Structures are given as C-alpha cells and as structure tokens.
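Visitor: Have a look at this one.
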Amino acid sequence: MTSFSVTAYGIEKNKYGFHELVSKPSETELKDYYANKYYQQSIQMHQHEYSAEDLLWKRKKLEQKAYLAEQYSGNPAGNGVKRFLDVGAGEGFAMRFFAEAGWEASGLDYSSYGCTVHNPEMLENLLIGDIGDSIDRLVAEAASFDLILLDNILEHVLEPLAVLQKIRHLLADKGVLIIEVPNDFSSLQLELLHSGCIDKPFWVVEPDHISYFNAEGLRTLCDEAGYARFKLICDYPIDLALFNDNTNYVMHPGAGKPVHKARMRVENLIHDISIDKAVTLYEAFADLGLGRNLIGLFHKKSDL
C-alpha cells in the first residue's frame, strides 16, 4: 500500500471542492512557458504526424460534442450562421471539424505552433497571444458564439473563475459552453495509489496543470461564474489499465502506446455502434466518477 498526502505535492483542496497548486507560477512565468516552450518542446503530446486511427478517434470525440451541442443549442441547424469558439485551440482540429460542419469557427491560443503543424489552413481563424487578453478583445468587440469549447485548458490557467466569468459575456443566449478537464484525484486513482499499483500521483504535472478538477468542484466553480450544468459525460476510463501489470503505463511507460491504441479502438467501436448509446455510457461512467476526462455542458443561468 502506498501512502499519499496531497500537501507533500504542494496541493490543497479549495473552497469549490477541487484541488489546486499551493504555490502557483506568476502570470509572466506562465505566459513565457506556453508561448515559447510548451508546443515546441512537447513533441510527445503534439507529435508531428498522427496515424489515421488517431485522427479518426479525434474526429469521433468531436462528433460526440457536436451531437450534444446540436441537441441543446438555442440555434438549431438551419437557423442562421452558427458560431464556434475554441478557447485553447492547440492544433486546430476542433476548429477544422466545426468549420467543415458549416460553423463559423474561431480559436484562441498562446502559440500558433500546433495549428501551423497540423491544420495550417485554420491559422487565419486563430487569435494568437495571451488567452485572457484575447477574450477581453472579443468581449470589447461584442463577439457572440453559439458554442464555446474549453478542451483541456481550464486546468492550465491561473484564475479559472475569472476566465469563466469573461467567457460568459461571449456566450450567445441559449448558447452552450463545453468544458473538458482531466478527472483528477478520482476514487479510481486513489485506489490505484492505495493498492500500490502506482507509486505516485502521475496526474500532478506542474506547472502545466494548476487546478485538478472533479465533477462537483467543476460544477460549483461554474455555478459561481453564472452557469448551470445540464449534462456531464466523460471519456474512456483508461486508468483501469493500471490495475494490470502488463498494461500499467505509469510503472512501465513502454505500455503507454499500446494502451492508448486499445483505448482508441474501444471508443471508436462504441461510437460506431450508436453515438446516442455511447453518450449514455459515458454519462454513467461520469456518474461513477470514472473517465480520464470530464466533459460538462453548461448554459448561462439567465437562459434557464
């Protein structure tokens, strides 16, 4: 059994119910890290070439988000131009997907590196620079979007509440905000630690991740920011592989790629059987606290 204390890792639980770093980087340090280091040095995360299977998996996960957005957005298909904003657009895959689906797609990111490598045709839709400053600029321009995506970005920012409050000004009436964040300090992860299957909280990655979310903490934070959650799903609970020594990619990093490939094949299969049933399954996983990432869908409270 592995003993574990969050304080030993410089982590504490905040008033919203999720964990965060006790000692956070400065705004200047964070800007420099993302603008000059993150994409250029993270070749493993943003590899120069994805396999066809990787690209298909990415597309199917976006199809699930679009499926839910179309169901719950106040601007249904055929009712005018739909506008999409990807906050933290990274490699530009979401922008490209929604643009091809007929949306007017835009994105924000600290760096153009990922988009330049993978989707250079979307660069003209990408606003580059500090994300907070870019949001302020769009607010000043009275921009409005029917769908806003925060995909693995909220855990990186110094003040997630402030970001959510600003974004609220950009969300159209009856618009949908989709937030995807890692599901951290979950009961599954803690069981893996306590049982000795892993010897460290691998999900604590400083300075990349400042906040470590759970479902209730994300809901409480968004409630204070003026949102109401109406749907919570997750993705495949890949951490289950850590119970098996042969697939334990934390203790045996060489297992990482095969486990990821298996995860993609399972998720693609589930999606192909039925997107509606896939969403129902991921909703059940989320309710159990499973899933490596949580995906919450929100409306503004004023829309209810």
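Note that the numbering used here numbers the sequence shown so that position 29 is 50, with each residue one more than the last. All residues carry an ideal CB built from backbone N, CA and C; glycine is no exception. Computed from a predicted structure; not experimentally measured.
Scan the region 65 to 143 and note each continuous beta strand (DSSP E) run of 3 residues or more that stays entirely inside, going in chain order.
Guide: 104 to 108, 125 to 130
Visitor: Is the beta carbon of L191 closer than 8 Å to that of I169?
Guide: Here residue 169 corresponds to residue number 148 of the sequence shown, with the count starting at 1. Here residue 191 corresponds to residue number 170 of the sequence shown, with the count starting at 1. It is a contact, given that the beta carbons lie within the stated cut-off.
Visitor: Express the C-alpha separation of L129 and E50 in angstroms, rounding to a whole number.
Guide: As a first step, residue 50 is located in the sequence shown; it is residue number 29 there, counting from the start. As a first step, residue 129 is located in the sequence shown; it is residue number 108 there, counting from the start. Whole-angstrom Cα-Cα distance: 19 Å.
Visitor: Below 8 Å between beta carbons: does that hold for Q186 and G238?
Guide: Translated into the one-based positions of the sequence shown, residue 186 becomes position 165. Translated into the one-based positions of the sequence shown, residue 238 becomes position 217. No, the pair does not count as a contact, with Cβ atoms beyond the cut-off.
Visitor: Is DSSP giving Y54 helix, strand or coil here?
Guide: Translated into positions along the sequence shown, residue 54 becomes position 33. In the structure shown, Y54 sits in a helix (DSSP, three-state: H, G or I).
Visitor: Which residues in the same chain as K322 place their Cβ atom closer than 7 Å to its Cβ, once the five residues preceding and following it in sequence are excluded?
Guide: In the sequence shown, the residue the question calls residue 322 occupies position 301. Closer than 7 Å at the Cβ level, and outside the excluded window around K322, lie G247, Y248, A249.
Visitor: What does the alpha-carbon distance come out to for the pair L318 and N235?
Guide: Within the sequence shown, numbered from 1, the residue matching residue 318 stands at position 297. Within the sequence shown, numbered from 1, the residue matching residue 235 stands at position 214. Each residue's alpha carbon lies about 14 Å from the other.
Visitor: P181 and L263: beta carbons closer than 8 Å?
Guide: Counted from its first residue, the sequence shown places residue 181 at position 160. Counted from its first residue, the sequence shown places residue 263 at position 242. No. Outside cutoff.
Visitor: Hey, how far is the Cα of E33 from the Cα of Y257?
Guide: Walking along the sequence shown from the start, residue 33 turns up at place 12. Walking along the sequence shown from the start, residue 257 turns up at place 236. Approximately 27 Å between the Cα atoms of the pair.
Visitor: Jot down the residue ranges of each uninterrupted beta strand (DSSP E) in the region 264 to 296, minimum 3 residues, whole runs only, in chain order.
Guide: none
Visitor: At the level of alpha carbons, what is the spacing between G99 and D75?
Guide: In the sequence shown, counting from the first residue as 1, residue 99 sits at position 78. In the sequence shown, counting from the first residue as 1, residue 75 sits at position 54. Its pLDDT being 48, under 50, G99 is placed unreliably in this model, and the value from its coordinates should be taken loosely. Near 31 Å, if we compare the C-alpha coordinates of D75 and G99.
Visitor: Is the number of C-beta pairs between the region 210 to 226 and the region 143 to 157 that are closer than 8 Å three or more?
Guide: no
Visitor: Put H320 into one of helix, strand or coil per three-state DSSP.
Guide: If you number the sequence shown from 1, residue 320 lands on position 299. Looking at H320 - three-state DSSP - the assignment turns out to be strand.
Visitor: What's the gap between the Cα of L290 and the Cα of A305?
Guide: Translated into the one-based positions of the sequence shown, residue 290 becomes position 269. Translated into the one-based positions of the sequence shown, residue 305 becomes position 284. Near 18 Å, if we compare the C-alpha coordinates of A305 and L290.
Visitor: Assess, as a yes-or-no matter, whether the region 222 to 236 is touched by the region 305 to 315 under the definition of 3 or more beta carbon pairs within less than 8 Å.
Guide: Contact check between the region 305 to 315 and the region 222 to 236: three or more CB pairs, one atom from each, fall below 8 Å, which counts as touching.
Visitor: In the DSSP assignment, what are the bridge partners of F306?
Guide: Looking up residue 306 in the sequence shown gives position 285. DSSP output for F306 lists no bridge partner at all.
Visitor: Which runs of the beta strand (DSSP E) spanning at least 3 residues fall entirely within the region 138 to 217, listed in chain order?
Guide: 147 to 149, 166 to 172, 192 to 203
Visitor: Taking the beta carbon of P222 as the centre, do at least 16 other beta carbons fall within 10 Å, making it buried, or is it exposed?
Guide: On the sequence shown, position 201 is the one that residue 222 refers to. Buried: at least 16 other Cβ atoms inside 10 Å.
Visitor: Going along the chain, which residues of its own chain have a beta-carbon closer than 6 Å to the beta-carbon of L148, five neighbours each way excluded?
Guide: Counted from its first residue, the sequence shown places residue 148 at position 127. Within the same chain, L148 has close Cβ partners L129, S155.
Visitor: From N265 to L144, what distance separates their C-alpha atoms?
Guide: The sequence position of residue 265 within the sequence shown is 244, counting from 1. The sequence position of residue 144 within the sequence shown is 123, counting from 1. Here the alpha carbon of N265 sits roughly 42 Å from the alpha carbon of L144.
Visitor: By alpha-carbon positions, which one of N140, R189, V178 ends up nearest to A164?
Guide: Looking up residue 164 in the sequence shown gives position 143. For A164, the nearest C-alpha among the options comes from R189.
Visitor: Over the uninterrupted beta strand (DSSP E) stretch that includes A249, give me the two end residues.
Guide: Residue mapping note: residue 249 aligns to position 228 of the sequence shown, counting from 1. From DSSP, the beta strand (DSSP E) with A249 extends over 248 to 255.
Visitor: Could you tell me the boundaries of the beta strand (DSSP E) in which K34 lies?
Guide: Working through the sequence shown from its first residue, we reach residue 34 at position 13. Start and end: 32 to 34.
Visitor: Look up L42 in the DSSP assignment and say whether it is helix, strand or coil.
Guide: In the sequence shown, residue 42 corresponds to position 21, counting from 1. Strand, per DSSP.
Visitor: What does a CB cutoff of less than 7 Å around A110 pick up in its chain, not counting 5 residues either side in sequence?
Guide: Position 89 of the sequence shown holds residue 110. The answer, listed in chain order, is M116, G128, L129, D130, C136, L147.
Visitor: Assuming the contact rule is C-beta atoms closer than 8 Å, D324 and K195 should be a hit. Round their C-beta distance to whole Å, please.
Guide: Mapped onto the sequence shown, residue 324 falls at position 303. Mapped onto the sequence shown, residue 195 falls at position 174. With 8 Å as the limit, D324 and K195 qualify as a contact, their Cβ atoms being about 5 Å apart.
Visitor: What's the C-alpha gap between S44 and A29?
Guide: In the sequence shown, the residue the question calls residue 44 occupies position 23. In the sequence shown, the residue the question calls residue 29 occupies position 8. S44 and A29: Cα-Cα distance of roughly 12 Å.
Visitor: To which residues does DSSP link L315 through a beta bridge?
Guide: Reading the sequence shown from its first residue, position 294 is the one you call residue 315. V202, C255.
Visitor: Please state whether the Cβ-Cβ distance between W78 and M285 is less than 8 Å.
Guide: The residue you call residue 78 lines up with position 57 of the sequence shown. The residue you call residue 285 lines up with position 264 of the sequence shown. Against a cut-off of 8 Å, the Cβ pair of M285 and W78 comes out as a contact.
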